[in-house]
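Going left to right, the sequence shown walks through residues 6 to 191 as the working numbering numbers them.
A short write-up of the structure that comes next.
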Amino acid sequence: MSIADIKKNAEAKMAKSIESFKNELQKIRTGRAHPGILDQVQVEYYGSMLPISQVANVSLIDARTISVQPWEKSMAKPIEKAIRESDLGLNPSSLGELIRVPMPALTEERRRDLTKVVRNAGEDARIAVRNLRRDGNDQAKRLLKDKLISEDEERRSVDDVQKLTDRVISEIDRLVAAKEVEILAV
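Printed below as a string of structure tokens:
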């Protein structure tokens, strides 16, 4: 592995992190219901944590209501509890086997809650990028330890990976700010 490979690998992984973060932001809807909003909610299923979409059918009833139809009757209560305890601020209601999840009206308080969710997702994305930076720097240090590169090359690699990290983190900050503006717009 060379320094160019380290940089290219870090750049590719950071680009994937940005794409993943963009997908996460798209799930945070301001007015309409979207089945993808429940993708991050995990429910316990026979001892392991699974996304709701793997234990139930998630669909839309109308523009403001999501329906969750568990594949097993016994999963209705755990799914309802998982949705209620998630940080999404949703209040599901059970109708027999069907769980209805109405999207709350966007009050000022709900908008502030959504901005907190956006900031948390942004922080998670920043942490992922910083971990990728650490991995790239560790690879460069390993090459230096194995005497495959000089100290100057290792320092240059660390600097280049840091510049890439700064650029990606500023992109994440820009996306967070834009989504906050979208949420808070009346």
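Note that the Cβ used here is the ideal one computed from N, Cα and C, for glycine as well.
Quick caveat, the model's predicted, so the values are computed rather than measured.
Nearest residue (CA-CA) to residue i, options the options
i: L119; options: L149, E102, K184; result: K184
i: L116; options: I174, A15, I33, S22; result: Before going on, a small fix: residue 116 reads as Arg here, not Leu. Per the Cα distances, I33.
i: S64; options: A182, V106, D10; result: V106
i: L189; options: T112, Q45, G52; result: T112
i: A133; options: K150, D44, I177; result: I177
i: G52; options: L95, M80, Q144; result: M80
i: L43; options: A17, A15, N96; result: N96
i: V122; options: Q45, T70, M6; result: Q45
i: R131; options: K86, Q47, R172, R69; result: R172
i: Q59; options: G94, A20, G41; result: G41
i: G101; options: R160, D10, K27, E77; result: E77
i: F26; options: L153, L180, V186; result: L180
i: R69; options: I11, K82, L103, M108; result: M108
Bridge partners - residue i, DSSP secondary structure assignment
i: V48; result: L55
Collapsed DSSP secondary structure at residue i in the structure displayed
i: I66; result: strand
i: V60; result: coil
i: I71; result: strand
i: P40; result: helix
i: P83; result: helix
i: E77; result: coil
i: L119; result: helix
i: D129; result: helix
i: A110; result: coil
i: D92; result: coil
i: L153; result: coil
Supposed contact pair residue j and residue i - C-beta distance, whole angstroms, cut 8 Å
i: V166; j: G127; result: Rounded, the Cβ-Cβ distance is 21 Å, inconsistent with contact.
i: P75; j: I88; result: Contact flag wrong, Cβ pair sits at about 12 Å.
i: A145; j: I8; result: 7 Å
i: L137; j: K18; result: 5 Å
Endpoints, beta strand (DSSP E) assigned at residue i
i: S99; result: 98-100
i: I188; result: Per DSSP, I188 belongs to no beta strand (DSSP E); it is in the alpha helix (DSSP H), 156-189.
i: L103; result: 103-107
Residue i: first and last residue of the uninterrupted alpha helix (DSSP H) it sits in
i: M19; result: 8-32
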